[in-house]
Amino acid sequence: MLRKILIANRGEIAVRVIRAAHELGIEAVAIFSEADREALHVRNADEAYCVGPGPVARSYLNIPNIVSAALISGADAIHPGYGFLAENARFADICADHGLTFIGPTPDVIQKMGDKATARAIMHDAKVPTTPGTGILNSVAEATAAARKIGYPVMLKATAGGGGKGMRAVRGPAELEHAFATAQAEAEANFKDGRLYLEKLLDRPRHIEVQIVGDTFGNVVHVGERDCSMQKPSHQKLIEEAPAPALSKGVRSRLHDVAIAAGRAVKYTSAGTLEFLLSGDDVFFMEMNTRIQVEHPVTEVVYGVDLVREQIRVASGEKLSFGQRDLVARGHAIECRINAEEPAQNFAPAAGTLSEATLPGGYGIRVDSHAYAGLQIPPYYDSLLAKVVAHGSTRHEAIVRMECALRETHIAGVNTTVDLCLAVMRDEGFRAGGVPIDYLPNFAAAVAATGS
Amino acid sequence: MLRKILIANRGEIAVRVIRAAHELGIEAVAIFSEADREALHVRNADEAYCVGPGPVARSYLNIPNIVSAALISGADAIHPGYGFLAENARFADICADHGLTFIGPTPDVIQKMGDKATARAIMHDAKVPTTPGTGILNSVAEATAAARKIGYPVMLKATAGGGGKGMRAVRGPAELEHAFATAQAEAEANFKDGRLYLEKLLDRPRHIEVQIVGDTFGNVVHVGERDCSMQKPSHQKLIEEAPAPALSKGVRSRLHDVAIAAGRAVKYTSAGTLEFLLSGDDVFFMEMNTRIQVEHPVTEVVYGVDLVREQIRVASGEKLSFGQRDLVARGHAIECRINAEEPAQNFAPAAGTLSEATLPGGYGIRVDSHAYAGLQIPPYYDSLLAKVVAHGSTRHEAIVRMECALRETHIAGVNTTVDLCLAVMRDEGFRAGGVPIDYLPNFAAAVAATGS
Amino acid sequence: MNWDQTLERIRRAAEFCVEAGLLRFRIEQDDLEIEVRRIARPVRPPAISAGVAVPANGVSTSNGAVAHDEPAHAVLKAEFVGIVRLSRPAVAEGAVIAEDRELAYVESLGIRNPIRSHRPGRVLAVYVNDGEPVEFGQALFAIEEV
Amino acid sequence: MNWDQTLERIRRAAEFCVEAGLLRFRIEQDDLEIEVRRIARPVRPPAISAGVAVPANGVSTSNGAVAHDEPAHAVLKAEFVGIVRLSRPAVAEGAVIAEDRELAYVESLGIRNPIRSHRPGRVLAVYVNDGEPVEFGQALFAIEEV
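Written out as structure tokens, the structure is:
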């Protein structure tokens, strides 16, 4: 088993990983920026090293200082959390070069899955259904021909893309040339890689993802699916749940089978997620996230397994502590992300000091947070303050429990997503289940318009 | 179903009951003293009424103002929580007189179980084993004869007693006369009832209790046992767990059977607890608590049932939502009470303002609390700030999880029991399981002596 | 410790805090930490809040008795939770009243608990309406000595 | 706001806090709340904590460059996380040094990152020991202009 882990992250996920390490009897080393000196993860760790000033490029992405902190602290492994360096194959390579275990899949898998066109090709070979689409397109002419064959509407995507950048929906041939030029320019500017490909644009799909975990002995299991269709206009998720509601038994087992096949195809080790778009009963591979995800707690709560612990065990060379047969879903879980942001202003991040941070608790409630009263929220990082998870024996019970928990969430000093999440819990559309990914942007706009 | 409940309590249990009511779609009315104006239960309720000044006799025990608040708010029921009016049969009667449902057992059952000698007699008739002992003793001479027959050491107890008052251990005949006089005087002074009885004093017993729930249709189920042997010198519990460790299968099922028999004997309706002393493999009835208890969350977490919700359902005239067969224990849960008190000074309550109240969270952790940063702790009430519950698949996992959770509990402004609980989690004696009720006083004294 | 310097820093911090609308400002000095905060209290439940506020210049006890700040004015408060019934004819603001005049009663569990003036005076304010629920300590009348 | 009175209350509170060994003391003044606290920091890793404290009168930037408060003195800080190696012969406190003198280097991932004086001066303080791990922004030397 590993002895000492450096957590190359901040916020609630750093707190989460420190706890998992401690529960395994492993020492935890924190890193922090000058803006995070008072952060909870710094207090909860056994040691902590400042690695740079507030801006992420100079601190949480400062690979030399992070790796050096791991070495001088005597850590034998680095857990990247999510975001920052979590899906950076080069960072995983550098860790290996310095004798540090990177807690995640192999750099090779990170690399392949990070390139969307490559990932699509691998999935296609593994008989994982992908959206009708193309490989890399070398010209507008190629794109025009492909789009005609696939049928409009289509989506132009950068192979190096992410966060909605380098993506253009194209409704008809007239829009294609302009869309190609702008997407290419945006991808070039953001990722230094302007290569594009095309996909069929699905009509109001749902976002369903499947959690998998693999070990170095070739075992790969799925830990069920999550519905993450409640997304902000930026496609960042706000509310997630497990299991996915309004899913036929056939579709559910197809998703699970396909995820296992995908994991086996790349010999996946560690926790990972296959993201799918669901259109009617058709399932299409979208991308693979080669990291632990923000929304992993809903899966943990429903299946009674600790996924971060499993990541650490697998990285230590241990076998998975459960087989597929041990994994049984119990009840239903919903997660609401409490972000310091203003939903009515297109979810603009809110900076400030938390004058109050009273979080809910009690039966069926799990909270993952780094917030405390007095915390000054630095302007450099993402706005997640807390994840509230409600577990119920049924989806309805989980929704009602979440509604009550949100009413008991008292955060002051900054605007948050609490009220919007509360409105969603009371919304008939959400309660019915199975909403598409454009639901929340419309809902949030309507809430903002009525000023409620 | 009830429509509106007044919660005649404060602190974490008021927050807890408000949440249970809200989850059932029931409105919650809070009461508060002038010292509790800023309390969390006041904020979380739908309405709140000040019923008196800080001292409990004039506020939380002010029956006229509490009942009047229920009536003017249009509540149809009162939940008493624990402590205060929870086991006051007269209060339950008054509620009934005013058309209010008292959420608890019938006044008759409260009355009978509140008189210890009567409760012993009922249990004896129901074939529930009681400690060898007597009925009411009319004189020292009677006591002397009885003590000789039972064999020393014996315990003199007030039939109206509670909280350790009116109790005297007697090691031999020479001590009896003085002990009788002082116990009688103390009982007279505290309970206006000087009647005493004798019980065999057990040698370093364990405190094991069984949770039961009954409904008005005659159904009574047990929800397993708890080990509450970790008690302060005042016999107040500090750490509880479910299931009880180091218990043979035979003893466990005997406890459960006996509890069901006891519940059936009094036609128990609502949640209640039978407290037993365990000496070797012998089980002796001690007393019955006709209320929800502080430590109920460990049972809830292990059995996956919401006991407060069940109390409200039963009081609404509904059947229990589970049968005995549905109740299956999963894993192990431990509760630590985080009190504002100084363990090194005989657990003296600490008053002050919470400058920080950062509570733990994450996988397997449940927190029930009314604490928040900035809360001024009034000097009038009990010192409980938070209950941290760790759930694990094994007892060892629950202990390790609790240890990590306590390390992440940051409370400042007052002294607390966090460090003592942490020391207990790391103690080999506790880890082995099955400690007697004098364990914690000795352990706390040793910890205080080493200054650690 | 250089106290003059520290106190000057606190003064500036506090003034800045007010001017800039900041919620909190923290100063460290040797092994002390000094924090200046704007007070932001939690909101009271609306059903009750209106009557609870103690009038700005009055001081009062909560047992139905009256305490005096300046001799000028005192507040009569409810000691019982119940429904307030104004006496007929109802006293109006500005009315001059005698000692021991029953101004209202609080009906609680069917019992009438009278609210009386303790000395002669003029009614400065009537904080409640007839038939309104009142809680313990709720201000009912302000009486100015005449 | 009566500042003189408030400041006097703070002074007394702070002094009392120190003498009585109290952890915290709070004063309310109009809509401000002023809290005086003994600093009880989370325990920093001992290997690092010693050198982190910024010297009382110095101001410095954290990118290895030097900023001046009064012309009197500046602090050289680590920009890289690593192990500090003092140059031989090691400079002692009180030593007068030339401009651009290499005082130490921080070894990070096998690379030597030199720490140089930016102008002539006298070494006021050496905050680190040879071979000690240092973090970003950690104070290494204080240099007084001469």
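Protein chains in written order, with our numbering: chain S, 1 to 452; chain Z, 453 to 904; chain X, 905 to 1050; chain U, 1051 to 1196. Don't be surprised by glycine CBs; every beta carbon is placed ideally from N, CA and C. For clarity, every value in this text was computed on a predicted model and none was experimentally measured.
Whose C-beta lies closer than 8 Å to the C-beta of residue i among residues of the same chain, with five residues either side of it excluded?
i: K298 (chain S); result: Per the sequence presented here, residue 298 (chain S) reads as Val, with Lys not at that position. Here the set comprises R226, E240, E241, A242, A333, I334, E335 and V389.
i: F554 (chain Z); result: A529, I530, P532, F543, A544, C547, A548 and A767
i: R489 (chain Z); result: C502
Got a sec? Which residues, its chain only, sit under 6 Å from residue i by beta carbon, not counting five neighbours each side?
i: F882 (chain Z); result: V876
i: P559 (chain Z); result: A541, A544 and D545
i: D733 (chain Z); result: V703
i: R120 (chain S); result: T130
i: F347 (chain S); result: K232 and E341
i: T273 (chain S); result: E209, Q211, N289 and Q293
How would you label residue i, buried or exposed, when you count the other beta carbons within 10 angstroms and need 16 or more for buried?
i: N496 (chain Z); result: buried
i: N138 (chain S); result: exposed
i: M854 (chain Z); result: buried
i: E997 (chain X); result: exposed
i: V154 (chain S); result: buried
i: H296 (chain S); result: buried
i: D306 (chain S); result: buried
i: R1169 (chain U); result: exposed
i: A597 (chain Z); result: exposed
i: M740 (chain Z); result: buried
i: H674 (chain Z); result: buried
i: Q763 (chain Z); result: buried
i: P657 (chain Z); result: buried
i: H848 (chain Z); result: exposed
i: D1150 (chain U); result: exposed
Using only CA atoms, which one of the options lies nearest to residue i?
i: T450 (chain S); options: S:G434, S:A344 and S:I437; result: S:A344
i: A635 (chain Z); options: Z:I660, Z:K609 and Z:Y720; result: Z:K609
i: I470 (chain Z); options: Z:A487, Z:M453 and Z:V494; result: Z:V494
i: R16 (chain S); options: Z:Y891, Z:E860 and Z:V870; result: Z:E860
i: V301 (chain S); options: S:A261, S:R171, S:I365 and S:F322; result: S:I365
i: A599 (chain Z); options: Z:L648, Z:S700 and Z:V675; result: Z:L648
i: V780 (chain Z); options: Z:A803, Z:A802 and Z:Y755; result: Z:Y755
Take residue i and list the residues in its own chain whose beta-carbon comes closer than 7 Å to its own, dropping the five residues that flank it on each side.
i: I122 (chain S); result: K112, A265 and V266
i: T869 (chain Z); result: L690, R789, I790, N791, E793 and P795
i: T721 (chain Z); result: P557, T558, G666, D667, T668 and V766
i: L420 (chain S); result: P343, A444 and V447
i: L454 (chain Z); result: I478, D528, A529, T553, I764, A767 and S768
i: D879 (chain Z); result: F895
i: L458 (chain Z); result: V481, I483, A521, A522, S525, A527 and I530
i: H124 (chain S); result: T130
Alpha carbon to alpha carbon, how far is residue i from residue j?
i: M84 (chain S); j: E27 (chain S); result: Note that residue 84 (chain S) is Phe in the sequence shown here, rather than Met. Their backbone Cα atoms lie some 22 Å apart in a straight line.
i: F984 (chain X); j: E486 (chain Z); result: 13 Å
i: E1182 (chain U); j: D438 (chain S); result: 55 Å
i: I150 (chain S); j: R168 (chain S); result: 16 Å
i: D1180 (chain U); j: D193 (chain S); result: 45 Å
i: Y152 (chain S); j: V852 (chain Z); result: 57 Å
i: H972 (chain X); j: A978 (chain X); result: No answer about H972 (chain X) holds up, because its pLDDT of 43 lies below 50 and its placement is not dependable.
i: A460 (chain Z); j: R291 (chain S); result: 48 Å
i: A864 (chain Z); j: V1010 (chain X); result: 43 Å
i: E12 (chain S); j: L837 (chain Z); result: 24 Å
i: K319 (chain S); j: V109 (chain S); result: 19 Å
Indicate, with yes or no, if the ligand FMN has a heavy atom lying under 8 Å from the CB of residue i.
i: N339 (chain S); result: The ligand FMN is not among the ligands present in this structure, which contains no ligands whatsoever.
Run through the stretch 595-660 of chain Z for me and flag every whole alpha helix (DSSP H) of 4 or more residues, listed as ranges in chain order. 625-643
Report the residue ranges of all alpha helix (DSSP H) runs contained in full by the stretch 842-867 of chain Z; include only those spanning at least 4 residues, in chain order. 847-859
Report the residue ranges of all alpha helix (DSSP H) runs contained in full by the stretch 470-556 of chain Z; include only those spanning at least 4 residues, in chain order. 492-496, 515-525 and 541-549
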